[in-house]
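Okay, so here's the structure we're looking at.
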Amino acid sequence: AQTVTQSQPEMSVQEAETVTLSCTYDTSESNYYLFWYKQPPSRQMILVIRQEAYKQQNATENRFSVNFQKAAKSFSLKISDSQLGDTAMYFCALMNRDDKIIFGKGTRLHILP
Amino acid sequence: DTGVSQNPRHKITKRGQNVTFRCDPISEHNRLYWYRQTLGQGPEFLTYFQNEAQLEKSRLLSDRFSAERPKGSFSTLEIQRTEQGDSAMYLCASRPTSGGASNEQFFGPGTRLTVL
Numbered sequence: 003a004q005t006v007t008q009s010q011p012e013m014s015v016q017e018a019e020t021v022t023l024s025c026t027y028d029t030s031e032s033n034y035y036l037f038w039y040k041q042p043p044s045r046q047m048i049l050v051i052r053q054e055a056y057k058q059q060n061a062t063e064n065r066f067s068v069n070f071q072k073a074a075k076s077f078s079l080k081i082s083d084s085q086l087g088d089t090a091m092y093f094c095a096l097m098n099r100d101d102k103i104i105f106g107k108g109t110r111l112h113i114l115p
Numbered sequence: 046d047t048g049v050s051q052n053p054r055h056k057i058t059k060r061g062q063n064v065t066f067r068c069d070p071i072s073e074h075n076r077l078y079w080y081r082q083t084l085g086q087g088p089e090f091l092t093y094f095q096n097e098a099q100l101e102k103s104r105l106l107s108d109r110f111s112a113e114r115p116k117g118s119f120s121t122l123e124i125q126r127t128e129q130g131d132s133a134m135y136l137c138a139s140r141p142t143s144g145g146a147s148n149e150q151f152f153g154p155g156t157r158l159t160v161l
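In the order they appear, the protein sequences are chains A and B. Numbering-wise (the numbering used here), the first sequence opens with residue 3 and increments by one. Numbering-wise (the numbering used here), the second sequence opens with residue 46 and increments by one.
And the structure:
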């Protein structure tokens with residue numbers, strides 16, 4: 003069975019600080035993709051960052067970076083210099099070859115002014 | 046706006062009634078997906094289409110649910126004899142599969158269904 007687990011239901015950090023969101027997953031596939039999606043309040047879900055499992059190098063998108071530990075099946079998201087606009091639900095997600103995305107339950111992130 | 050659009054954005058219905066939602070994907074996106082998101086949970090896969098062909102249905106999709114994409118463009122999701130447990134946000138997503146496309150799925154704003 004494929005599962006995605008986010009152990010932090012809610013987090014709060016001060017603006018400009020760095021925050022790390024945790025995610026672990028389980029899959030029997032060797033080729034898969036991992037994602038972090040952001041869902042702002044009452045707004046649609048957008049992709050933050052993507053990691054292909056066959057790539058050892060951790061993905062980076064501006065202030066967002068991941069720590070991908072394939073052996074440990076861990077995929078954490080680091081947000082540097084956090085901004086008020088980063089306040090949202092963040093979902094860790096897994097996609098195998100079957101093209102279906104399995105989402106975690108999410109982490110609600112509050113950036114405090 | 047050329048993103049994924051969904052209508053209606055909100056639907057309130059009484060138990061036992063039928064409802065239909067519509068999703069318009071991004072133009073030329075041949076894959077279209079439906080997900081359901083209940084309060085406090087992440088989205089769960091329901092079904093997806095490659096053009097007009099429905100490729101897979103989740104076990105979550107009971108016989109009361111049906112989805113179509115008749116011309117390979119927009120899609121509809123119908124729920125018959127709604128139950129209170131059907132109350133959720135229904136999300137649609139799309140992506141292209143050709144032209145060097147990535148596997149990113151682009152999500153719509155969702156349709157929030159409340160069954161009284």
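Backbone N, C-alpha and C fix where the C-beta goes; we use that ideal spot for every residue, glycine too.
Endpoints, the beta strand (DSSP E) within which residue 81 of chain A is located: Sequence index remark: in the first sequence, residue 81 of chain A carries index 79 (1-based). Run containing residue 81 of chain A: 76-81, per the beta strand (DSSP E) assignment.
Residue 49 of chain B, enclosing beta strand (DSSP E) - first and last residue: As a working note, residue 49 of chain B is residue 4 in the second sequence. In the DSSP annotation of this structure, residue 49 of chain B is not part of any beta strand (DSSP E), being labelled neither H nor E.
From A:70, A:46 and A:49, residue whose alpha carbon lies closest to that of residue 57 of chain A: If you number the first sequence from 1, residue 57 of chain A lands on position 55. It is A:70.
Closer than 8 angstroms to chain A by CB, residue 93 of chain B: Against the second sequence, residue 93 of chain B aligns to sequence position 48. Interface residue, yes.
Beta-carbon gap between residue 165 of chain B and residue 130 of chain B smaller than 8 angstroms: Since the first and last residues shown for chain B are 46 and 161, residue 165 of chain B lies out of range.
Nearest candidate by alpha-carbon position, reference residue 128 of chain B, set B:113, B:100, B:107 and B:139: Locating residue 128 of chain B in the second sequence gives position 83, where the first residue counts as 1. The shortest CA-to-CA distance from residue 128 of chain B to any of B:113, B:100, B:107 and B:139 is the one to B:107.
Residue environment, residue 168 of chain B, which counts as buried when at least 16 other CB atoms sit within 10 Å: An answer regarding residue 168 of chain B cannot be provided, because it is not within the stretch 46 to 161 covered by chain B.
Contacting positions in the stretch 93-106 of chain A - beta carbon closer than 8 angstroms to chain B: Residues of the stretch 93-106 of chain A that bring their beta carbon within less than 8 angstroms of a beta carbon in chain B comprise 93, 95, 97, 100, 101, 102, 103, 104, 105 and 106, in sequence order.
Residues, ordered as in the chain, of the stretch 52-71 of chain B that lie near chain A by beta-carbon distance below 8 angstroms: none
Where residue 154 of chain B meets chain A, residues with beta-carbon distance less than 8 angstroms: Here the question's residue 154 of chain B lines up with position 109 in the second sequence. Ordered by position in chain A, the residues that pass the 8 angstroms Cβ test against residue 154 of chain B are 45 and 46.
Closer than 7 angstroms at the beta carbon, the chain B residues around residue 49 of chain A: To locate residue 49 of chain A, count along the first sequence from 1; it is residue 47. Near residue 49 of chain A (Cβ distances below 7 angstroms), the residues of chain B are 149.
heavy atom of the ligand MN below 7 angstroms from residue 148 of chain B C-beta: With respect to the ligand MN, the structure offers nothing, as it holds no ligand at all.
Simplified DSSP assignment, three categories, for residue 4 of chain A: One-based indexing of the first sequence puts residue 4 of chain A at position 2. Of the three classes helix, strand and coil, the one that applies to residue 4 of chain A here is coil, per DSSP.
C-beta neighbour in chain A for residue 129 of chain B, strict 8 angstroms: In the second sequence, counting from the first residue as 1, residue 129 of chain B sits at position 84. Closer than 8 angstroms: no.
Cα-Cα separation, residue 153 of chain B to residue 136 of chain B: For this step, residue 153 of chain B is matched to residue 108 along the second sequence. For this step, residue 136 of chain B is matched to residue 91 along the second sequence. Taken atom to atom, the span from the alpha-carbon of residue 153 of chain B to that of residue 136 of chain B is near 6 angstroms.
Inter-residue CB distance, residue 8 of chain A and residue 106 of chain A (contact presumed, cutoff 8 angstroms): Walking along the first sequence from the start, residue 8 of chain A turns up at place 6. Walking along the first sequence from the start, residue 106 of chain A turns up at place 104. So it is a contact: roughly 4 angstroms between Cβ atoms.
C-alpha gap between residue 102 of chain B and residue 75 of chain A, whole angstroms: Start at 1 with the first residue of the second sequence, and residue 102 of chain B comes out as number 57. Start at 1 with the first residue of the first sequence, and residue 75 of chain A comes out as number 73. One C-alpha to the other measures close to 27 angstroms.
Nearest candidate by alpha-carbon position, reference residue 38 of chain A, set B:133, B:104 and B:150: Indexing the first sequence from 1 puts residue 38 of chain A at position 36. Looking at the Cα atoms, B:150 is the closest of the given residues.
Closer than 9 angstroms at the beta carbon, the chain A residues around residue 86 of chain B: Indexing the second sequence from 1 puts residue 86 of chain B at position 41. Residues of chain A passing the Cβ test: 105, 107 and 108.
Distance, residue 115 of chain B Cα to residue 160 of chain B Cα: Taking the first residue of the second sequence as 1, we reach residue 160 of chain B at position 115. Taking the first residue of the second sequence as 1, we reach residue 115 of chain B at position 70. Distance from the CA of residue 160 of chain B to the CA of residue 115 of chain B, rounded to the nearest whole angstrom, comes to 27 angstroms.
Beta-carbon spacing of residue 23 of chain A, residue 79 of chain A below 8 angstroms: Locating residue 23 of chain A in the first sequence gives position 21, counting from the first residue. Locating residue 79 of chain A in the first sequence gives position 77, counting from the first residue. In this structure, residue 79 of chain A lies closer than 8 angstroms to residue 23 of chain A by Cβ.
Identified DSSP bridge partners for residue 26 of chain A: Position 24 of the first sequence, counted from the first residue, corresponds to residue 26 of chain A. The partner list for residue 26 of chain A (beta bridge, DSSP) reads A:7 and A:76.
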